[in-house]
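This report refers to the structure that appears directly beneath it.
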Amino acid sequence: MKSLKSTRAMPPLSPGEMLRVAGSAAPQQPPAIGATDSSSDKSSMLSVRMMETTLEALAGFARSQGTTQRRVIAEALAKHGVRVAARDLEDRPLPRRRGGLAA
Amino acid sequence: MAIITIASSKGGPGKTTLAQFLVGSLAAEGVNVVAIDADPTGGLSRWTARLYEGPAFVCHHEAEDARLAHLIHRVAQEADVVVVDTAGFGNRAATVAMTAADGVLIPMVPGEGDVTEAARTVELVAGVASAARRDIPSRVVLNRVRASTALSKHAASEAAALPKLDASLSDLVAYGEMGFSGRMPAGKAGAEVATLMSELRALGWLPRRVVNTSSVNTSGVNTMDVNTKEVVR
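Protein chains in written order, with our numbering: chain A, 325 to 427; chain B, 4 to 236.
Put into structure tokens, the structure is as follows:
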């Protein structure tokens with residue numbers, strides 16, 4: 325049975341999977357665009373008032389995916405074609421005060 | 004839906020030329036094709052915006068790997084074929100495009116460095132396929148071939164162990180002219196493009212020809228009603 329192949333189309337990899345696979349297959353490769361393109365980019369705060377049920381659902385979804393609320397929002401925006409900065413699409417480790425490991 | 008990534012770790016083998024006539028020919032057939040220019044120099048997107056004269060298709064320009072991954076994932080759900088053109092050096096965006104691909108085309112011109120880098124790119128695709136645990140076939144496309152020369156024959160023999168398309172592209176000025184005219188090549192070059200497309204269809208990398216019941220406007224705007232075309236796989 326192991327030699328039998330499915331003829332159904334393969335589902336596309338998720339963006340996270342693509343990045344993980346690319347990183348593991350060729351970890352030394354440089355980015356196609358230089359760091360100068362984003363060197364002037366700085367982080368800033370966005371405060372959005374939303375209903376508690378929405379925020380609870382967001383927190384629960386992020387927990388279930390093993391990621392952060394920030395990344396869930398960033399991925400949703402990117403999915404709709406919003407030009408999201410690459411750093412906002414990365415999982416960052418939790419800060420130590422929230423149980424993360426020291427670098 | 005099919006994703007074709009055009010890649011090579013060497014610059015100048017004809018990646019963008021290959022992308023130009025692939026997307027142009029597919030658009031002329033009425034296929035819902037989307038181009039993604041993942042090369043920071045933006046050759047494909049510039050050509051599409053400024054020079055291309057055939058039926059319209061969407062071309063995105065994105066060379067940042069994380070944003071590229073999201074873009075490929077998004078457009079793949081809407082298009083019949085996605086063609087990704089990549090930069091001519093080993094880079095993360097190209098590798099991301101390989102992970103998503105149903106097939107990777109690796110153009111190669113006759114030359115020692117080109118043969119070496121084509122082999123490296125084939126190896127990289129195999130590594131990506133292994134990491135992704137999926138089959139990602141690759142094919143080298145011999146480009147700028149002068150069939151009667153010893154150089155072309157020697158380069159072909161040096162690359163004999165690599166997976167190759169039977170179709171190849173001759174050293175014809177028509178391909179270079181396409182870059183300035185925005186029109187698909189005709190004559191011998193047009194016949195070579197048709198042969199290459201047929202081989203990709205035989206491999207299952209492209210949908211079979213569209214059964215089109217409406218006319219295609221070649222003035223730059225695709226006016227075809229999506230309800231009147233049928234893509235036969």
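Each residue gets a CB set at the ideal place from its N, CA and C atoms; glycine is no exception.
Around the beta-carbon of PHE60(B), 16 or more other beta-carbon atoms lie within 10 Å, marking it buried. With respect to chain B, the C-beta atom of ILE397(A) has no partner C-beta closer than 8 Å. Among the residues facing chain A, VAL34(B) is not included, as its CB has no counterpart in that chain under 8 Å away. Sorting GLU195(B), THR98(B), ALA104(B) and ILE139(B) by C-alpha distance to the C-alpha of SER12(B) places THR98(B) at the top. For the set ALA104(B), THR152(B) and LEU21(B), the Cα lying nearest the Cα of MET181(B) is the one of LEU21(B). Contact check for ASP42(B) and ALA66(B): beta-carbon distance about 6 Å, within the 8 Å limit, so the pair qualifies. By a beta-carbon distance limit of 8 Å, VAL84(B) contacts PRO210(B). Their separation comes to about 7 Å. In the DSSP annotation of this structure, the continuous segment of the beta strand (DSSP E) that includes THR89(B) starts and ends at 84 to 89.
If you check the CB distance, GLY114(B) and ALA158(B) come in under 8 Å. ALA100(B) sits away from VAL345(A), with the two beta carbons spaced by 8 Å or more.
Interface flag for GLU67(B) against chain A is set, since a Cβ pair is found closer than 8 Å. The beta carbon of ILE75(B) sits closer than 6 Å to the beta carbons of ALA103 from its chain, once the five residues preceding and following it are set aside; these are given in chain order. Interface flag for LYS366(A) against chain B is unset, since no Cβ pair is found closer than 8 Å. THR119(B) carries a helical assignment under DSSP once its states are collapsed to helix, strand and coil. Inter-residue distance for GLY27(B) and VAL112(B) is about 22 Å (C-alpha atoms, whole angstroms). Within a 10 Å sphere around the beta-carbon of SER155(B) sit 16 or more other beta-carbons, which makes this residue buried. Under the DSSP definition of a beta bridge, THR8(B) partners with VAL87(B) and VAL107(B).
The alpha-carbon separation between LEU54(B) and ALA38(B) amounts to approximately 15 Å.
Residue range 68 to 79 is occupied by the alpha helix (DSSP H) that includes ASP68(B), with no beta strand (DSSP E) assigned at that position.
For ALA79(B) against MET4(B), the beta-carbon gap comes to about 5 Å, under 8 Å, which counts as contact.
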